[in-house]
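Here the working numbering is used: position 444 in the sequence shown is 509, and no number is missing along the way. Idealized CB from N, CA, C, for every residue including glycine. Computed from a prediction, not measured in an experiment: that's the story for all the values here. Notes for the one structure printed next.
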Amino acid sequence: MLRHNITFLALVLTSALDLSQSRLMITGSINSDGVAAAASRPRAVSSTVTCEPMYGFMPCATSIWGQLFLFVVYQYLLYFGDYYISAGSELLFKILGPGVFGASAFHLLGSLPQAALVLATGVYGSKEYAQEQVVGGVGILAGSTVFLLTLVWATCLIVGKFDISGSSTSSKVQQRKLLKLTGTGVTTDVETSYTARIMLLSMTPFIVAQLPQIFGSKSGGHIVMLISLIITVLLLFMYCFYQVFQPWIQNRRLEYLISQYVERNLLQNLLTPDGEPQLTKIIHLFRKMDRNNDKFITARELHGLILGLRFEEVGVDEDDLLEKILEEFDTSGDAHIDENEFVRGISKWLSETKQSRDRQARSRCSINQSHSSKETDEEQHLLEDHKGKNAKATKRVNQTSISTFIKAASFILFGTFIITILAAPIIDTVQNFSTAVNIPSFFIFFVVVPIGVTYREAVSTIASIRKRTQLSASLTFSEIYSAVFMNNLVGLAMFLGIVYLRGLVWDFSAEMLIVLVVCLVMGFYTSFNTTFPLWTSLIAYLLYPLSIVLLYVLTYFFGWK
């Protein structure tokens, strides 16, 4: 996969670099680092001028179609960089586990793409150039937050909807209810509401940063920026330390990983073609795991199931998983799992994966068959070969931890490098393209670019709620709120640091207000509700175009910057 992606990346860059050959050149002042000052660039005219490649090697274009092609290429490369940051984050989570540092690092790295874009847009060129470029960065930051809380949240509600009326009726009536806006929706647990309230705390530095605009004061702006920056950093540290005393945040992350990967591994082989548990196979698996034939499975024997499920590949610590499985399966509380408890526990897992598996069967039947056949052989091999070899397996994992860490760090650095190196060029391309086609550049920064940056996260989030259960809805919405929290604080910390250290003018009140409005509306609603009827998805969907209209009105009619 890595080799194919790098090959495709090389082809894309080769094609894009061809655009910079024999190019029309824009005359204007050039900074010491080779970056053309955007403020001094004239608009494209019919005279023969060439554009200056950024950094001296990045492609550039003057025609509309050339700029559009570059924008599409840059969007793909942003997704490419986000992919490697995500892959590295999962590998790092595998090493650290779902403890305090593992969970904190995973959430911090999840917000790295947006933060890298914001940071990179304000560090290049002169102060005037940075002032112009950072507008795009803050637009991407605001657009990513709004995108997650509106379009992604609403889509998850539709995809994960189930009957919430609580009435017992016939199947036909239940099917008709699925078409109603009030009888279907999702319900979440109280911990999800707590996560939404934590998300609301991220609005504190946004409110502080808006104080000069609220009171119409132009003095003391830099002091306010410094105060807001300090609050942002403190909130980040408090969030990390909060998990020490309230580990339920880490546990939800563990549950989320389990819910995502269980149905892709061993459990799908214990389902009949109709999606029902195969009791004979479950009992056979129990007896195979019961090595001493005492009709019970101990924690040590349960280790074979974890190896068969291959949870170590997704970063789930074996000790934490053993404790969780024992807690869920051992209903008698005797620290042993008998045959009936094992069948009930596995059947519960299977029932939670049944609906999502049925929905995917038609579109991916052939793929699933080949994948299932391959995994069946691999997992049975694991269950047999690892029998009695737990110590050897643990030693092998320890020996590979260093190489895994190096691989994770390489992925993260590579993805960060891609996003950082592309930040200034993509903003420059967007500004030139928007001028050429006469559309507001904020529309592209606020709408199009954030989709490319958050696409992978959005698809993964939507896919995780397809089980249509309260648990899957709770875990999915918690992930959205946590992602918004980290995106707001990490991105804002980078942004405020740039504004303060480089002495830039605060011209970003419109974007900050949009984030405030959307986060406060969705945050307060989700903080005090655990039931969300289907019709609420319409409100979330409407918030997205309304936020675009509000941003346009504030910018072009009220003169907000």
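In the three-state reduction of the DSSP assignment, G250 falls in the strand class. Sixteen is the threshold: since fewer than 16 other Cβ atoms of the shown chains lie within 10 Å of the Cβ of P610, the residue is exposed. Inter-residue distance for T526 and D359 is about 42 angstroms (C-alpha atoms, whole angstroms). Among the bridge pairs identified by DSSP, T596 is matched with T252.
Residue burial is scored here from C-beta neighbours: E117 has at least 16 other C-beta atoms within 10 angstroms and is therefore classed as buried. Within the same chain, Cβ atoms closer than 8 angstroms to the Cβ of E406 are found at F394, D395, T396, S397, the five residues on either side in sequence being excluded. In this chain, A400 is not harboured by any alpha helix (DSSP H), its DSSP state being neither H nor E. Y120 sits exposed, since fewer than 16 C-beta atoms from the chains shown fall within 10 Å of its C-beta. For P505, the three-state secondary structure derived from DSSP is coil. In this structure, the CA atom of L616 is about 27 angstroms from the CA atom of L300. DSSP links F361 through a beta bridge to D403. Rounded to the nearest angstrom, the Cβ distance from L174 to I150 is 6 angstroms, consistent with a contact under 8 angstroms. In the DSSP annotation of this structure, T215 is not part of any alpha helix (DSSP H), being labelled neither H nor E. Counting along the chain, the unbroken alpha helix (DSSP H) around C305 starts and ends at 286-310. Between S230 and P515, the C-beta spacing is not below 8 angstroms. Leaving aside the five residues that flank T186 on each side, the residues in its chain whose CB is nearer than 7 angstroms to its CB run, in chain order, Q198, V199, G201, G202, A488, A489, I492.
Taking each of V309, L566, P505, L536 in turn and checking the Cα distance to G286, the smallest one comes out for L566.
In this structure, I579 and V255 do not form a Cβ contact; the two beta carbons are roughly 29 angstroms apart against a cut-off of 8 angstroms. At a Cβ-Cβ threshold of 8 angstroms, L156 and T469 count as neighbours. With fewer than 16 other Cβ atoms from the protein chains shown falling within 10 Å of its own Cβ, N503 counts as exposed.
Counting C-beta pairs closer than 8 angstroms gives three or more between the stretch 218-228 and the stretch 599-613, which meets the contact rule.
In the DSSP assignment, P270 falls within the unbroken alpha helix (DSSP H) covering 269-279. In this structure, the alpha-carbon of T494 lies about 40 angstroms from that of I467.
Within the same chain, R567, G568, L569 come within 8 angstroms of K192 by CB-CB distance, once the 5 residues on both sides are set aside.
In this structure, the beta-carbon distance from G281 to V251 does not fall below 8 angstroms. Scanning its chain for C-beta atoms nearer than 7 angstroms, with the 5 sequence neighbours on each side dropped, one finds around I530 the residues C221, V224, G225, S537, A538, T541, in chain order. Excluding sequence positions up to five before and after Y139, its CB lies within less than 6 angstroms of the CB of L487, I491, all in the same chain and listed in chain order. Where R521 is concerned, the enclosing alpha helix (DSSP H) starts and stops at 514-529.
Our two residues, L557 and E576, have alpha carbons roughly 12 angstroms apart in a direct line.
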